[in-house]
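Enquirer:
Residue numbers (UniProt numbering): 1 to 129.
(1) From the DSSP output, which residues share a beta bridge with residue 128?
(2) Does the Cβ of residue 93 have 16 or more other Cβ atoms within 10 Å, making it buried, or fewer, making it exposed?
(3) Looking at residue 61: is its Cβ nearer than 8 angstroms to the Cβ of residue 26?
(4) Could you have a look at residue 74 and say whether DSSP puts it in helix, strand or coil?
(5) Evaluate the contact criterion for the region 95-102 versus the region 67-86: three or more CB pairs, one atom per stretch, below 8 angstroms.
(6) Are there 16 or more other CB atoms within 10 angstroms of the CB of residue 104, so buried, or fewer, so exposed?
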């Protein structure tokens, strides 16, 4: 049969999060900690599903997230780890505290891949072209 839907679609907000929703989520997680995402929206007074709350917290609201440009050191780590692990972005993110897997993947695809190609390096094999 499978798992029941994560939320009742008729009673949930979709689309952009408001500042008030962000603040409610931050306040709740600070007071109660992470986890039990399925019951969090109701307890925090949010009209969102648990999955949406979890993703919002992990990708945007966590206090340990880094913002802004990647450093040269981070670039080198990403390139080195990509040559070892390939497109395993979660594993790469585990070595870069404060950066999300999706953020690293997007940075790879928009910046680092092009940089390697311009240097004459194949971004898949990491060998000279």
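Even for Gly, the Cβ is constructed at its ideal location relative to N, Cα and C.
Expert: Based on what the coordinates show:
(1) Per the DSSP secondary-structure output, residue 128 pairs in a beta bridge with 121.
(2) Per the 10 Å Cβ criterion, buried.
(3) Their beta carbons are under 8 angstroms apart, which means residue 61 touches residue 26 by this criterion.
(4) Residue 74: helix per DSSP, three-state reduction.
(5) By the Cβ criterion, the region 95-102 is in contact with the region 67-86, since at least three pairs of Cβ atoms, one from each stretch, lie closer than 8 angstroms.
(6) The residue is buried, with at least 16 neighbouring Cβ atoms inside 10 Å.
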